[in-house]
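Here's the structure, in structure tokens; my notes come after.
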Amino acid sequence: MGRTAIASRPNELAPVKTTCPYCGVGCGVAMQPKSGGESWQALGDASHPANFGKLCVKGSALGETLDLTGRLLEPKINGQAVSVEQACQAVAEGLSRVIEQHGPDAVAFYVSGQLLTEDYYVANKLIKGFIGTANIDTNSRLCMASAVVGYKRAFGADAVPCSYEDLEQADLLVLVGSNAAWAHPILYQRMAQAKREQPDKKVVVIDPRRTASCDLADLHLAIKPGTDALLFNGLLAYLAKHNHLDAEFIIEHTEGLVLALDQAEQTAGHDLTQLAQSCGVDEADLTQFFDWFANRPRTVSFYSQGVNQSTSGVDKSNAIINVHLATGRIGKLGAGPFSITGQPNAMGGREVGGLANQLAAHMDFHQPEAIERVARFWRAPKMAQQNGLKAVEMFEAVHRGEIKAIWIMHTNPVVSMPDADFVREALQACELVIVSDNMADTDTTRCANILLPAASWGEKDGTVTNSDRHISRQRAFCKAPGLAQADWWWICQVAQEMGFAEAFNYQTPYQIFMEHVALSAFENDGVISRRDFDLSGLFSLSEQAYQQFAPTPWPVNAQHPHGQARLFADGQFFTANRRAKLIPITPQSPKEKPSPDYPFVLNTGRYRDQWHSMTRTAKTPRLLQHRDEPRLSLHPDDAKSLGLAQGDLAKVSSRLGQVMMPVELDAGLVKGQVFAPIHWTGVYAKHGRIDSLIPSHTDPLSGQPESKHAVVNIQVWSAAYRAGFWTKDTAWQPDDSIGYWVKVPKANAVFWHLADKKAFDLAHWQSANPQLGEPDLRLEDSALGTARFVWLDAQGGLKAVLFVAPSVDLQAPYDWVSGLFDQLSLSQNERYSLLSGMAIEQEDVGAIICSCFQVGDKTLRAAMAQGCDTVQKLGEKTCAGTNCGSCIPELKALLAL
Ligand SMILES: Nc1nc2c(c(=O)[nH]1)N[C@H]1C(S)=C(S)[C@@H](COP(=O)(O)OP(=O)(O)OC[C@H]3O[C@@H](n4cnc5c(=O)[nH]c(N)nc54)[C@H](O)[C@@H]3O)O[C@H]1N2
Ligand SMILES: Nc1nc2c(c(=O)[nH]1)N[C@H]1C(S)=C(S)[C@@H](COP(=O)(O)OP(=O)(O)OC[C@H]3O[C@@H](n4cnc5c(=O)[nH]c(N)nc54)[C@H](O)[C@@H]3O)O[C@H]1N2
Ligand code: SF4
Ligand SMILES: [Mo]
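Just so we're aligned: the sequence shown equals residues 1 to 897 in UniProt numbering.
This is the structure in structure tokens:
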């Protein structure tokens with residue numbers, strides 16, 4: 001394991017305040033140095049208004065992700081290490097050559113909502129102002145593009161109206177397509193706390209699956225996938241019929257009600273029996289939801305990927321916004337349509353204009369005066385004049401050979417884009433693929449011609465904006481290792497090489513931030529053309545004040561010098577006539593329909609303890625204990641009819657690709673629907689990239705793909721054996737003949753789940769792994785089909801362990817074996833325990849539920865048997881759930897069994 005170097009600071013023992021690099025909640029983190037700066041512990045920053053000192057399980061584990069294992073430490077060209085100068089020159093020459101030969105539109109940047117605002121700003125400036133194309137898009141296209149268009153249609157600007165405080169102040173919280181318990185845990189805990197304090201609050205979860213978030217719900221509407229717009233149209237019609245509209249607000253501050261209502265009535269009608277049936281929910285539940293909505297003016301609708309990732313995601317978000325406008329529930333304490341962003345700086349990307357259909361600083365290409373204004377501000381020699389290609393279109397153009405050079409920064413599209421195999425093919429055929437990443441080996445870096453080593457979280461400095469518009473500082477507390485540099489630095493070096501030295505001569509992120517501030521304020525004073533994104537109040541921010549900048553929600557201007565938490569209190573929107581627009585919505589079904597060949601609907605999403613393509617979270621063994629393999633969640637009746645039991649391997653195919661996963665029975669799914677996680681990659685699993693199954697159908701307005709809805713068939717993949725292999729050799733890879741594998745990094749070893757259709761054959765294994773030699777200990781039972789092999793090193797410590805069995809418990813009950821890799825030499829008893837496959841000295845705690853305190857289900861069940869019948873008692877007895885609280889829904893589920 002590599003060590004991290006401490007950055008020089010005046011007081012080395014003081015914690016460094018920064019922002020969590022994971023989700024859009026944007027929690028403040030205080031990194032506390034330990035052992036004189038050898039290591040760091042992440043603590044919640046009590047002064048941050050997002051989390052007030054709390055962190056979820058991922059945030060609390062940040063200190064364990066700082067090692068240098070797997071980092072990309074030097075630039076590479078075609079696999080060969082080169083100097084920084086050579087790399088910058090190669091990128092600049094490559095881009096310039098393509099521009100000269102094929103024009104600027106043959107170049108593209110594919111960037112990320114995890115870049116810092118300063119990185120994002122210079123990337124956008126370089127391509128739109130200096131290369132002369134708007135072919136810059138971001139993984140935020142896969143994430144919140146629909147929410148952006150929804151807000152713009154309704155408010156005339158991409159302006160998130162709410163503040164987190166509204167979640168606590170609401171009398172009714174409607175979670176639509178959000179599994180906040182796992183994806184936005186600290187907000188979920190704030191909602192849970194508020195409900196404990198005011199039990200009369202109601203929470204409704206609208207999600208086809210019963211998720212951990214349903215733990216908080218008074219009502220769960222397991223709607224048919226894709227019927228959200230119909231449901232909200234029905235709600236609008238119901239509210240009108242029962243006189244719950246806010247006539248004054250509608251007349252004073254909106255337009256479009258008549259058409260929107262008419263369309264709602266025509267599509268959803270007033271027949272609740274019929275509507276309930278169309279949405280696949282119980283009529284009494286539907287009526288209950290409508291009734292609560294009608295009578296609880298403080299309503300927040302909290303929506304996320306179940307709404308956005310759809311071919312009609314924009315319409316779904318407007319269907320939600322419509323009911324808020326029609327009831328005047330916006331701009332008021334505890335009320336509003338609140339799109340929750342996923343990535344730590346998805347919002348910052350929207351601010352700088354990092355999407356292909358944005359210009360910069362909340363200006364767009366459809367305003368010629370805005371293009372001219374930005375060109376003047378940047379002194380841009382070659383200003384892009386129109387929208388560029390959105391993510392899916394961009395990779396199609398790469399595949400067709402029209403885009404000849406692509407620079408990918410801070411995202412892993414070979415894993416996360418729909419039709420991911422097509423994306424890989426496109427990159428493999430592309431003339432020039434430049435990838436900036438901090439990790440050496442990802443599915444996307446494998447396709448790169450030029451690799452640029454990026455500084456990582458903890459090493460870079462800048463700002464991010466969270467879901468409620470708070471701009472917070474990310475601060476460096478470690479030095480970047482090797483030749484790694486911040487993303488903004490690489491972009492500016494390349495820009496300078498390309499001949500744009502003057503415009504990219506920044507020395508610090510502060511200088512970039514101040515230019516971003518200036519652009520937001522530039523000619524932003526007209527009554528008609530006033531732009532919502534306005535940081536003019538920061539115009540004279542000193543460098544020292546930037547260093548100490550405390551979280552502040554934009555806009556920051558003369559009127560709101562300390563930022564504005566809630567927008568639209570005055571009922572004035574950013575449209576030409578200052579009125580918000582209700583949009584008539586015609587509900588659409590998802591593009592793919594189940595058929596006899598592909599009878600199941602595949603839904604995809606997140607696990608509690610993993611982040612995206614796992615490049616950071618897989619560095620923390622305890623985060624891999626909650627789920628160490630991707631699983632196909634399946635209704636027990638479906639599993640039965642397919643002949644699959646818990647833990648069996650299933651092959652899941654769409655017309656585009658295949659994955660293999662063990663089955664997890666989940667009665668919280670509706671029959672015919674299955675769910676799989678997005679996290680596993682080609683680095684961690686042989687066939688685990690779920691996006692290789694997802695077609696690239698997109699929303700016509702936002703270009704966002706329908707990542708939550710594919711149709712698949714499922715078959716038993718009958719393994720002749722299942723095996724667990726532990727090895728100290730971190731470079732070990734299974735040979736190609738092994739049909740199934742998943743890699744699980746552990747503290748002192750790597751564990752592999754292995755399986756194959758051919759029976760296990762030791763001779764074959766040995767010929768594929770000659771370096772291991774003869775096992776030092778072995779026990780085989782041919783009748784049971786089990787075998788255990790142990791390889792020892794010269795000191796009698798473990799080199800490798802292989803357990804073979806006809807089937808392996810899904811919950812990896814053998815984690816005690818991983819612990820034995822800590823030992824320099826094994827005792828006699830430990831050798832026996834390995835051969836018997838039974839832990840003698842370490843307790844088998846079962847599947848880990850509480851990652852913070854490593855409490856497994858066996859320990860919890862034992863505590864329950866001794867009378868612990870509440871979460872609190874379980875916590876007192878076992879500590880489970882008493883740190884970050886992320887596992888409380890699972891503790892409750894266990895108690896309810
Ligand atoms: N642990 C963890 N947290 C994360 C992330 C992570 O990787 N790991 N990623 C972050 C990012 S970038 C994002 S964007 C957010 C995403 O946060 P969420 O959107 O909350 O998470 P998802 O699991 O993608 O999807 C949410 C839910 O949408 C439901 N859904 C599917 N189809 C429909 C439908 O037709 N209608 C409705 N109403 N619901 C539907 C799914 O069943 C799922 O439970 O999470 C952020 N937080
Ligand atoms: N089927 C399906 N697909 C989905 C989704 C879904 O719900 N279902 N969700 C979509 C959503 S909402 C999102 S946001 C995407 C996320 O998908 P991605 O953005 O592709 O996933 P990440 O793993 O976050 O990729 C970030 C990459 O940046 C690298 N990195 C980390 N720090 C730095 C840095 O400082 N600089 C640079 N240059 N690189 C760095 C990491 O090592 C990693 O390789 O997935 C999308 N795909
Ligand atoms: S809730 Fe999100 S931002 Fe907060 S600690 Fe957890 S992952 Fe980080
Ligand atoms: Mo996202």
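Ideal Cβ placement from N, Cα and C applies to all residues, glycine included.
Quick caveat: nothing in here was measured; it's all calculated off a predicted structure.
Counted within 10 angstroms of its Cβ, other Cβ atoms place residue i as buried (16 or more) or exposed
{"i": "residue 897", "result": "exposed"}
{"i": "residue 881", "result": "buried"}
{"i": "residue 366", "result": "exposed"}
{"i": "residue 65", "result": "buried"}
{"i": "residue 810", "result": "Here residue 810 scores only 42 on pLDDT, less than 50, and its place in the model should not be relied on; the value that follows carries that caveat. It is buried - the Cβ of residue 810 has at least 16 other Cβ atoms within 10 Å."}
{"i": "residue 252", "result": "exposed"}
{"i": "residue 845", "result": "buried"}
{"i": "residue 198", "result": "exposed"}
{"i": "residue 13", "result": "exposed"}
Residues sharing a beta bridge with residue i, DSSP
{"i": "residue 902", "result": "Nothing can be reported for residue 902, as the shown portion of the chain is limited to 1 through 897."}
{"i": "residue 850", "result": "855"}
{"i": "residue 430", "result": "Its beta-bridge partners do not exist; DSSP assigns none."}
{"i": "residue 651", "result": "660 and 715"}
{"i": "residue 367", "result": "None; residue 367 has no bridge partner."}
{"i": "residue 603", "result": "675"}
{"i": "residue 339", "result": "303"}
{"i": "residue 889", "result": "Bridge partners of residue 889: none, in fact."}
Sub-9 Å separation of residue i and residue j beta-carbons
{"i": "residue 417", "j": "residue 696", "result": "yes"}
{"i": "residue 709", "j": "residue 225", "result": "yes"}
{"i": "residue 802", "j": "residue 775", "result": "yes"}
{"i": "residue 131", "j": "residue 355", "result": "no"}
{"i": "residue 343", "j": "residue 179", "result": "no"}
{"i": "residue 836", "j": "residue 751", "result": "no"}
{"i": "residue 477", "j": "residue 18", "result": "yes"}
{"i": "residue 624", "j": "residue 646", "result": "no"}
{"i": "residue 268", "j": "residue 236", "result": "yes"}
{"i": "residue 154", "j": "residue 318", "result": "yes"}
{"i": "residue 409", "j": "residue 160", "result": "no"}
{"i": "residue 847", "j": "residue 856", "result": "yes"}
{"i": "residue 76", "j": "residue 374", "result": "no"}
{"i": "residue 798", "j": "residue 728", "result": "yes"}
{"i": "residue 732", "j": "residue 686", "result": "no"}
{"i": "residue 353", "j": "residue 115", "result": "no"}
{"i": "residue 657", "j": "residue 420", "result": "yes"}
8 Å contact criterion, which residue i and residue j should meet: CB distance rounded
{"i": "residue 437", "j": "residue 72", "result": "6 Å"}
{"i": "residue 757", "j": "residue 739", "result": "6 Å"}
{"i": "residue 244", "j": "residue 327", "result": "6 Å"}
{"i": "residue 471", "j": "residue 551", "result": "7 Å"}
{"i": "residue 531", "j": "residue 383", "result": "So it is not a contact: roughly 18 Å between Cβ atoms."}
{"i": "residue 308", "j": "residue 143", "result": "7 Å"}
{"i": "residue 23", "j": "residue 183", "result": "6 Å"}
{"i": "residue 535", "j": "residue 545", "result": "Going by Cβ atoms, the distance from residue 535 to residue 545 rounds to 13 Å, so no, they are not a contact pair."}
Check: residue i C-beta below 8 Å from any heavy atom of ligand 1
{"i": "residue 225", "result": "yes"}
{"i": "residue 23", "result": "yes"}
Residue i CB to nearest heavy atom of ligand 2 below 8 Å
{"i": "residue 127", "result": "no"}
{"i": "residue 410", "result": "yes"}
{"i": "residue 619", "result": "no"}
{"i": "residue 137", "result": "no"}
Contact test: residue i Cβ vs ligand 3 heavy atom, cutoff 8 Å
{"i": "residue 27", "result": "yes"}
{"i": "residue 51", "result": "yes"}
{"i": "residue 471", "result": "no"}
{"i": "residue 775", "result": "no"}
{"i": "residue 17", "result": "no"}
{"i": "residue 344", "result": "yes"}
{"i": "residue 59", "result": "yes"}
Cβ-heavy atom distance, residue i to ligand 4, below 8 Å
{"i": "residue 144", "result": "yes"}
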